[in-house]
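Enquirer: Counted the way mature numbering (1 follows the signal peptide of the UniProt record, and there is no 0) counts, the sequence shown spans residues -17 to -1, 1 to 629.
Glycine residues also receive a C-beta, built at the ideal position from the N, C-alpha and C atoms.
Please read all numbers here as calculations on a predicted model, not as lab measurements.
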Amino acid sequence: MLPTLVIHVSLMHLALAASNIQHPSPDDGHTRPNISFKYFVEAVTSLLGGDGATPSPLGYLQGKIGKPQEFDYIVVGGGAAGTVISYRLAEVGYDVALIEAGEYHEYSKPAFGSVPGLGAVFAGASALTQFNWTDWELYAETRDSTGGRMIHIPQGKGIGGSSSLNYMLYGIPPWSFFDKWADMVQDESYRSDNFQQFYARSATATNRTHSAGLSVWNDTRVFDNTDGPIQLSYTNFISPWTHWLKRGLDATGFRRPVDTEPSSLPFYLQPQLTVRPDDASKSTASEFILKAKLTNLARLRVFTSTEVTKIFFEKSKATGVYVTSSGNESLLKATREVILSAGAVKSPHLLMVSGIGPEDILREHNITTISSLRGVGQNLQDHVYFGVSYPVAVETADASVTNIEGFNKSLRRYEASANGILSSNGLELLAFEKLPPKYRHFSAQTDAHLSEIGRDWPEVEYISANGYIGSYQSDLFQSFNGTNHATILATLSAPTSRGNITIQAADMSQPPIISPNWLESKADQEVAIALFRRARDIFLSPVLRSIRLGVESWPGPDVQTDQQILDTVRRSFFTSGHLAGTCRMGQRGDEAAVVDNAARVLGVQGLRVVDASSLPILPPGHPIATMYAFAEKIADSIIREQIGIT
């Protein structure tokens, strides 16, 4: 837990600084926030978490560049996929190098690396939500049709990757998602019955019945495992707003899922979280590295603060990577394979600067083509969120976290008992459905798309958000006039818009150009309008009338027409950070495919991509569980290949 002295000092500085700095406009999506305010936030976070100048906690696992080194496998990226694959390969005796550009910040910055309720610091579209010790500080500029906004793209930097930044929501997609995946790549091993085993390998589920007052449902398909590094549990704290929203959902046709029909829509559930049950701290992909240290996994070396600049090829075989650390450059060699797990932005970026990608882009930057694959950087998919907020007559995070007195009280409670609002991620109830007939005024094109997804694949998702959201520039620094607010967040679960990622230089020195094309398709626009109306109607249900105080605070009662709703959504949505598909898996002969069914990059040898970029399609819900499972599956297939088992 946090040292009491650190808490008191941090709050003193927070109070003094807040009284002397001008607050940026929270709902202006067209301008970047005051950057000096960002530095103020960074100073406060440093106080909360320590100065980070502690010795490396990795001990003998710590890799050091400088001398020539050779490994069986080199894994690039220490996120959800990279940590799993590195651990599993080293566990069976291979020499493995895991290369991560960031630090082991769960140790060097313990507060924001471990407290569930402080995850909100990293959420939102503005520059206030990015910190260079945890994040790549990437932006996407939306098109004029979505307001011409600059939106922060959260991409984790450090051991744990984006699992250190996310909201800890752990869920398994519906069966139809796996059927779609298997059909797209013509591989039966991706069907639900065959794939489910890999979820259990990474995770240990605990306190299955503890629900802090909400009924819960446990997915009986998995979780008999007791030694998975990732800890799953339910929050110790449920906000009054979440209890009220459950009643509202009950009154509007939602129900709790049952074991015999786990994905029978519509339903709601209290989600499992990647949170340790003993102290209510975040459980991230760094658990695999901690386990490696505790079990003396001598075959693994972890290179932190080390960035891969290019893949090294001998003819068409990947045999190493060029790296840089503290100004020193080196070549690390791989005798078997290089595995990219750098995420949906960095993996295609690294492929392109290394000579794998669309030939016209490589030619434009004078990059020698190793493998011409037009799908690299294409097929970018993401979930976007937007919401409806009302002032309410119950206490929310607006009173408990975003003012000095409430924050101090909440920190004391968390430090003393691992309980209270900071032990919760703030998103305590999820609901899924196909939109009811009342809202389905869709074009034939949209109807056709929605008819193609499975019966158990939701069209939309709702999330209880315990506070004011507004235009979601920054979760902690919204303008809510000192009143308690509650929000229903909404997202499209089967988006059709597709974006792309490309390079603006021949090396990794410049960030890539990210064009997600959010809400560009007509189907997404029509569903977003209907979804907004449905979320608003849930809030206006008679059950919730008794806690509403006054009129809608965001976006306001004047927003009524389809065009007004669409304009509002465009200027206020934010990314979930669920970017996927940019090195998509496909069958050999598929011109848009980048990797095959075993995640091997097409046209070369000794190179795989194993992360969210490999997914051919984005699953509904929250993908972190599937990332762990996918990495377990590929690790298993690599090991089987090496010992001759198919």
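Could you give the residue range of the beta strand (DSSP E) that holds Phe271?
Expert: First-last for Phe271: 269 to 277, but that is the alpha helix (DSSP H), not the beta strand (DSSP E).
Enquirer: Apart from the five residues just before and just after Ala506, which ones in its own chain have a Cβ nearer than 7 Å to its Cβ?
Expert: These residues qualify, in order along the chain: Gln428, Thr429, His432, Thr479.
Enquirer: Gln508 by DSSP, collapsed to three states: which one?
Expert: For Gln508, the three-state secondary structure derived from DSSP is helix.
Enquirer: Comparing alpha-carbon positions, which option in Arg438, His561, Asn386, Lys265 lies nearest Pro249?
Expert: Closest option to Pro249, judged by alpha-carbon separation, among Arg438, His561, Asn386, Lys265: Arg438.
Enquirer: So the candidates are Val328, Asp579, His332, Glu442; which of them puts its Cα closest to the Cα of Val510?
Expert: Glu442
Enquirer: Which partner residues does Lys293 have in the DSSP bridge list?
Expert: Tyr305
Enquirer: If you draw a straight line from the alpha carbon of Glu320 to that of Leu585, how long is it in whole angstroms?
Expert: 14 Å
Enquirer: Pick from Leu334, Ala268, Asp343, Asn391: whose alpha carbon is nearest that of Leu590?
Expert: Leu334
Enquirer: For Asp55, report the span of its beta strand (DSSP E) as first-last.
Expert: 52 to 59
Enquirer: Can you give me the C-alpha to C-alpha distance between Ser596 and Gly539, rounded to a whole angstrom?
Expert: 38 Å
Enquirer: Using CA atoms only, rank isn't needed, just tell me which of Ile452, Arg230, Asp573 is closest to Ser555.
Expert: Measuring from the Cα of Ser555, the nearest candidate turns out to be Ile452.
Enquirer: Buried or exposed: which applies to Lys329, given that a residue is buried once 16 or more other Cβ atoms fall within 10 Å of its Cβ?
Expert: buried
Enquirer: For Glu270, which residues from the same chain have a beta carbon less than 6 Å from its beta carbon, with the 5 sequence-adjacent residues on both sides left out?
Expert: Pro212, Ile213
Enquirer: Between which two residues does the alpha helix (DSSP H) holding Arg438 run?
Expert: Counting along the chain, Arg438 falls outside any alpha helix (DSSP H), and DSSP gives it neither H nor E.
Enquirer: Can you tell me whether Tyr397 is buried or exposed, with buried defined as 16 or more other CB within 10 angstroms of its CB?
Expert: buried
Enquirer: Pull up the CB-CB distance for Tyr368 and Ser559, whole angstroms please, since I reckon it's below 8 Å.
Expert: 6 Å between Cβ atoms; contact.
Enquirer: State whether the segment 142 to 153 contacts the segment 519 to 530, with contact taken as three or more CB pairs (one from each stretch) at a distance under 8 Å.
Expert: no
Enquirer: Just grab the DSSP bridge partners of Thr470 for me.
Expert: Per DSSP, Ser372, Ala448.
Enquirer: Does any C-beta atom of chain C lie closer than 8 Å to the C-beta of Gly560?
Expert: This model lacks chain C altogether; it includes just one protein chain.
Enquirer: Determine the burial state of Asp541: buried for a count of at least 16 other Cβ atoms within 10 Å of its Cβ, exposed for fewer.
Expert: exposed
Enquirer: Rank Ser159, His366, Ala64, Gln45 by C-alpha distance to the C-alpha of Glu86 and give the top, closest one.
Expert: Gln45
Enquirer: Report the residue from Leu527, Gln255, Ile530 whose alpha carbon sits nearest the alpha carbon of Ala188.
Expert: Gln255
Enquirer: Output yes or no for whether 8 Å exceeds the beta carbon distance between Arg567 and Leu601.
Expert: no
Enquirer: Excluding the five sequence neighbours on either side, which residues of its own chain have a C-beta within less than 6 Å of the C-beta of Ser29, listed in chain order?
Expert: Note that Ser29 scores a pLDDT of 47, beneath 50, so its modelled location is shaky; the value from the coordinates is reported in the next line. Excluding its 5 nearest sequence neighbours in each direction, Ser29 has no C-beta neighbour in its own chain below 6 Å.
Enquirer: Report yes or no: do the segment 606 to 625 and the segment 61 to 75 share at least 3 C-beta pairs separated by less than 8 Å?
Expert: yes
Enquirer: Grab the span of the alpha helix (DSSP H) containing Met133 for me, first residue to last.
Expert: Here Met133 belongs to no alpha helix (DSSP H); instead the beta strand (DSSP E) covers 133 to 136.
Enquirer: Check the DSSP bridge columns for Lys300 and list the partner residues they point to.
Expert: Glu297, Gln588
Enquirer: Considering Cα atoms alone, identify which of Met167, Ala73, Asp262, Leu394 is closest to Ile621.
Expert: Ala73
Enquirer: Distance check for Ile322 and Leu81, CA to CA, integer angstroms please.
Expert: Between Leu81 and Ile322, the C-alpha separation is close to 10 Å.
Enquirer: For Val285, report the span of its beta strand (DSSP E) as first-last.
Expert: 283 to 286
Enquirer: Might you give, ordered along the chain, the residues of its own chain that have their beta carbon closer than 6 Å to the beta carbon of Ala563, omitting 5 neighbours on each side?
Expert: Ala327, Gln364, Ala595, Leu598, Leu601
Enquirer: From which residue to which residue does the alpha helix (DSSP H) around Ile622 run?
Expert: Here the alpha helix (DSSP H) through Ile622 covers 607 to 626.
Enquirer: Using only CA atoms, which one of Ile404, Ala84, Tyr173, Ala399 lies nearest to Ile221?
Expert: Ile404
Enquirer: Nearest to Ala477 by CA position, among Ser355, His605, Val534, Ile353, is which residue?
Expert: His605
Enquirer: Got a sec, what are the start and stop residues for the alpha helix (DSSP H) Ile387 sits in?
Expert: 387 to 400
Enquirer: Within its chain, find whatever has a CB closer than 8 Å to the CB of Ile496; leave out the 5 residues flanking it on each side and keep chain order.
Expert: Ile484, Thr485, Ile486, Gln487
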